[in-house]
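Read the structure below first, then the notes.
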Ligand SMILES: Cc1ncc(C[n+]2csc(CCOP(=O)(O)OP(=O)(O)O)c2C)c(N)n1
């Protein structure tokens, strides 16, 4: 190997590395700006139902989904917009779903808490806490049996640690060496209660009890999440069985948009601390600049482009039509 | 002095507070029931008065804490277990159906399970398929359980007190959309016995047998019908088990026409059972087939124009009744 080729290889690697982290940044910004529009739609009473925002937690969805292939599976939660976007869903059809429009991912029948998209391996967001742990594990069983090399990622909040079925499926996943990764997004609160009041012992100890490979990641650090996720996904694909990842993070807003007075369960200072010191987008943006992968203008450009994309997507959704009445009784059976 | 008015939510809270003052054994547990007072704010203030020993926040473990309710009820407490959305009842089914409902019978009458499972029902809140169901039929189907469906603040207070004092497991359904409904509620300690229907409005031409959320719909339809010269009676069984068959049959015998309505699915549901009771007890007095109205037989869709099609409305009941009365 001559020095010249290794130099071009090195610069190609560098370019790929740069592109990878710029893409991660773009994905996080898109999620943040998506949620800003949701907040706006909701407060202007244009969005029916409930809206659970993912803002603050972007590095988890992005760090993990960037380690997945398009045909790998995910299951998501009531706080699912970030997972859907990170896995490749497009914002226009997501907004359409949030507004109950025919053009939405579920023809308006699912809404914010139930976005599903086979094209991106999204088995569905779920409004039952812990409701998808079996589904993700079942997808891993099918992947193993069909030998298609896919893995399944099961996203859930630390609140789902309360559900017994999680432990039933973790046991099975380990016994059967299934390619599933349980991602526990610990944003500290189950609705309005600090997780320490609902969770005995340690989070990782739960996985350890089944001998499942378990790790913790700083969920505000997209590179850290991504590095661990890449390793766990590779392991799962190679047949080494399930893994458990605890990602420590924080939700910036209320449990849902209407949860405004929340000082009885957490302080404004705490929220402010996470927003100003631990923001995943700011932290990663700073790192990009330090690495000379980006400058302020480039980052602003990314944000401006994402903002434009989200505005156009909202416009699409607002202008889209509602499903026809006959739709109400379609899709009950396959 | 004008009668005092409370909202439905306040009436529920008052019943709980009074029962907790009266009986040390009464305690509450569920998700976010303490400081948060539930997402519907129905329990606000109770933890401040009774403390965290008696108002206990639980993890998101419906099967587990319902089972704990069963065991604690068998051994000296009177738990009121809170299941935030009726849809999450599915997670409690083994504890309620195989344990709570059967403990008394299987033990030859030795064990008792004096617990209350409070939960919600109802659609049209744009909450989609996993937060909108009305599952009262599932529990009404099970011997050993009692099922309560209050439709006014007054009934909510009196029935909840009876539920807490009952020696059996009772499932108590509150319509989420009704929490802000106001109505007269006496300050006294009163109870309403189970198995006694209440005539919410008297009429001669047609009977509406309606539960919970459907009582208001029936009353609204009755008003519309009045303008057409049709007099509708609205009768509310208040408990689906025990069921006041006699009052329902008497009403139907008087009017000779009946629509039964319940927000659960009409098929195989509470409405279906009420229709069967009427067919058995008043067949020869009927001038028209019994009509059932309930949720459309689909998962509740999110999209507002679709969701609105799934639940009987005043208009729909009015039209159906008018047709039955030949007008
Ligand atoms: C089985 C079940 N119980 C209760 C709820 C109501 N609920 C919705 S979100 C939530 C808290 C979830 O906390 P967590 O899993 O940590 O997720 P986060 O909201 O923090 O993202 C609760 C109790 C539900 N949806 N499903």
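Chains as they are written, first to last, in the working numbering: chain A, 1 to 334; chain B, 335 to 661. We treat Cβ as the ideally placed atom computed from N, Cα and C, and that holds for glycine. Predicted, not measured: the structure shown is a model, and the values here were computed from it.
query                                                                                                                                                  : result
Taking three-plus beta-carbon pairs below 8 Å as touching, is the segment 212-227 of chain A in contact with the segment 47-61 of chain A?             : yes
Whose Cβ in chain A lies nearer than 7 Å to the Cβ of residue 644(B)?                                                                                  : 328
Along chain A, which residues have their Cβ under 8 Å away from the Cβ of residue 391(B)?                                                              : 193, 197 and 198
Counting only runs of 3+ residues fully inside the segment 41-106 of chain A, write out the beta strand (DSSP E) ranges in chain order.                : 73-75
Going by CA-CA distance only, name the one from 600(B), 472(B) and 559(B) that's closest to residue 575(B).                                            : 472(B)
Would you call residue 1(A) buried or exposed, if buried means 16 or more other Cβ atoms sit within 10 Å of its Cβ?                                    : Residue placement at residue 1(A) is poorly supported in this model, since its pLDDT is 48, which falls under 50; the coordinates are not used for a value here.
Taking DSSP as the reference, what is the three-state secondary structure of residue 153(A)?                                                           : strand
Could you spell out where the beta strand (DSSP E) holding residue 451(B) opens and where it closes?                                                   : 450-455
Taking 8 Å as the threshold (C-beta atoms), are residue 235(A) and residue 213(A) in contact?                                                          : yes
Comparing C-alpha positions only, which one of 521(B), 489(B) and 523(B) sits nearest to residue 507(B)?                                               : 489(B)
Scan the segment 457-488 of chain B for residues whose Cβ lies nearer than 9 Å to a Cβ of chain A and list them as they occur along the chain.         : 459, 460, 461, 462, 463, 464 and 465
Of the choices 410(B), 542(B) and 388(B), whose alpha-carbon is the least far from that of residue 532(B)?                                             : 542(B)
What residue from 661(B), 627(B) and 605(B) has the CA that sits closest to residue 539(B)'s CA?                                                       : 661(B)
Is the segment 99-117 of chain A touching the segment 264-278 of chain A in the sense that three or more CB pairs, one from each, lie closer than 8 Å? : no
CB-CB under 7 Å to residue 302(A), same chain, minus the five flanking residues each way: which ones, in chain order?                                  : 25, 26 and 29
Within the present structure, is the beta-carbon of residue 266(A) separated from the nearest heavy atom of ligand 1 by less than 7 Å?                 : no
Looking at C-alpha atoms only, which residue of 272(A), 245(A), 117(A) and 292(A) is the closest neighbour of residue 64(A)?                           : 245(A)
Mind checking if residue 377(B) is an interface residue toward chain A, Cβ cutoff 8 Å exclusive?                                                       : no
How about residue 381(B): is its C-beta nearer than 8 Å to some C-beta of chain A?                                                                     : no
List the residues of chain A that residue 369(B) touches, going by C-beta distances under 9 Å, in chain order.                                         : 192, 193, 264 and 265
Got a sec: does ligand 1 put a non-hydrogen atom nearer than 7 Å to the Cβ of residue 475(B)?                                                          : no
Please identify the residue among 122(A), 254(A) and 139(A) whose C-alpha is closest to the C-alpha of residue 192(A).                                 : 254(A)
Would you say the beta carbon of residue 432(B) is closer than 7 Å to some non-hydrogen atom of ligand 1?                                              : no
Quick one: does the C-beta of residue 251(A) sit closer than 7 Å to a heavy atom of ligand 1?                                                          : yes
Entirely within the segment 107-192 of chain A and at least 4 residues each: give me those alpha helix (DSSP H) ranges in chain order.                 : 133-146 and 164-175
Taking the beta carbon of residue 416(B) as the centre, do at least 16 other beta carbons fall within 10 Å, making it buried, or is it exposed?        : buried
In chain order, what are the residue ranges of uninterrupted alpha helix (DSSP H) at least 4 long that sit wholly in the segment 363-395 of chain B?   : 380-384
Taking just the CA atoms, how far does residue 116(A) sit from residue 32(A)?                                                                          : 20 Å
On a Cα-Cα basis, can you pick out the residue from 647(B), 653(B), 633(B) and 658(B) that is closest to residue 330(A)?                               : 633(B)
How many angstroms separate the CA atom of residue 5(A) from the CA atom of residue 260(A)?                                                            : 58 Å
If we cut at 8 Å on Cβ distances, does residue 325(A) have a partner in chain B?                                                                       : yes
Should residue 343(B) go down as buried or exposed, given a rule of 16 or more other Cβ atoms within 10 Å for buried?                                  : buried
Do you know whose CA, among 366(B), 367(B), 377(B) and 336(B), lies nearest residue 352(B)'s CA?                                                       : 377(B)
With respect to the beta strand (DSSP E) encompassing residue 412(B), which residues constitute its N-terminal and C-terminal limits?                  : 412-417
Mind listing the chain A neighbours of residue 630(B)? Cutoff is C-beta to C-beta under 9 Å, in chain order.                                           : 328 and 329
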